[in-house]
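Residue numbers (the numbering used here): 250 to 620.
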């Protein structure tokens, strides 16, 4: 690679980094669509920017192109976008058609769109029209930004993140079950931030009984995720906070669940009740996730106790873990972070890949991906 090529690639990375920054502004508002940012560059200057602002609204490329006042400039500019331009009619017309219509000569793309209606067709349409296309600029960063969208369209199941707050010795509650509060306010505020970025927040009936959480977004702006409750016997009282009507709520139960009118009373409160298969005394978690995916849920943030957390890990359904570690020790009688996983040798352990650690106040966040 020549010096000129290296310099050009660095320029591509700089502009694509700005695209990713713009794309992130749509977090929590565009799902089930991906987060996308776009900009137009002419003679080394950014002349237009835009991002996908809300689900059903104009795509990033449309907003970027509309921001350029002199349409003649488009004929000599380069369009940057972190995801392949769409090629099909959905809620909006194809972005690839608009790029061709505006005679934009060159497009730089971070990564391809795995959606079955796109999947390379947008890029091919541009190439067929004589548009120069450069791919793979900051591809890994773009894939990570839209990791939930990518997984959901490749594997047809939501991206699942597990959140736990624990002591240094791995306890999520004291010997008598108390857990409020292990972590400090900065860490808890970050949890609310994460909730606002996920389509759904899921917990089990044990956590509802112990903590009676709201599972809504507070302390900062952002949308409330869908609240997902696993209540195998449908025994939780209708007075619990998750049934307060502040956010959409769905309860998964088994056909053997309570039949004395609670289902009907919950439905009268606007709560959706769905029956799934029960296996070995537990709800089929894979079926739960597939039902959620069929209803447009691309990402699930799990805030639960050790049993549900351990079951999800044991079933291979967890993609990511947010582990907040407080500088505290409860001792051996406290409640462990994960239920027994049946690991009988170090080689059989669940393997993780750590991201860079971050402090929130005095608490340490260990973010990791399940390998």
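All C-beta atoms in this analysis are idealised placements derived from N, C-alpha and C, irrespective of residue type, glycine included.
Given residue 391, which residues of its chain have a CB within under 7 Å of its CB, disregarding the five upstream and five downstream residues?
Same-chain partners within the cutoff: 269, 331, 332, 359, 360.
Kindly indicate the opening and closing residues of the beta strand (DSSP E) around residue 415.
That run of the beta strand (DSSP E) goes 408-416.
Taking the C-alpha atoms as reference points, what is the distance between residue 468 and residue 445?
The alpha-carbon of residue 468 is positioned some 11 Å away from that of residue 445.
CA-to-CA distance, residue 367 to residue 403, given in whole angstroms
Cα to Cα, the separation comes out at about 13 Å.
Same chain only: Cβ atoms within 8 Å of residue 293, ignoring 5 sequence neighbours per side
The residues are 260.
Are the beta-carbon atoms belonging to residue 451 and residue 477 less than 8 Å from one another?
Yes, Cβ-Cβ distance for residue 451 and residue 477 is below 8 Å.
Rounded to whole angstroms, how far is the Cβ of residue 429 from the Cβ of residue 460, which I believe are closer than 8 Å?
Contact flag correct, Cβ pair sits at about 7 Å.
Where residue 572 falls: helix, strand or coil (DSSP):
In the structure shown, residue 572 falls within a strand segment according to DSSP collapsed to helix, strand and coil.
Secondary structure of residue 351, DSSP reduced to three states
Note: residue 351 maps to coil in three-state DSSP.
Do residue 537 and residue 520 have their beta-carbon atoms positioned less than 8 Å apart in this structure?
Taking 8 Å as the Cβ cut-off, residue 520 and residue 537 do not qualify as a contacting pair.
For the region 513-595, list the beta strand (DSSP E) runs that are entirely contained and at least 3 residues long, ordered along the chain.
If we require 3 residues or more, the beta strand (DSSP E) runs fully inside the region 513-595 come out as 521-524, 548-552, 569-575.
Relative to the C-alpha of residue 559, which residue among 534, 335, 574 is closest?
Looking at the Cα atoms, 534 is the closest of the given residues.
Residue 327, DSSP secondary structure in three states:
It is a strand residue.
CA-to-CA distance, residue 415 to residue 378, given in whole angstroms
Roughly 56 Å separates the two Cα atoms.
Using the three-state DSSP reduction, which class does residue 612 fall into: helix, strand or coil?
Looking at residue 612 - three-state DSSP - the assignment turns out to be strand.
What are the residues that DSSP puts in a beta bridge with residue 467?
When beta bridges are read from the DSSP output, residue 467 appears opposite no residue.
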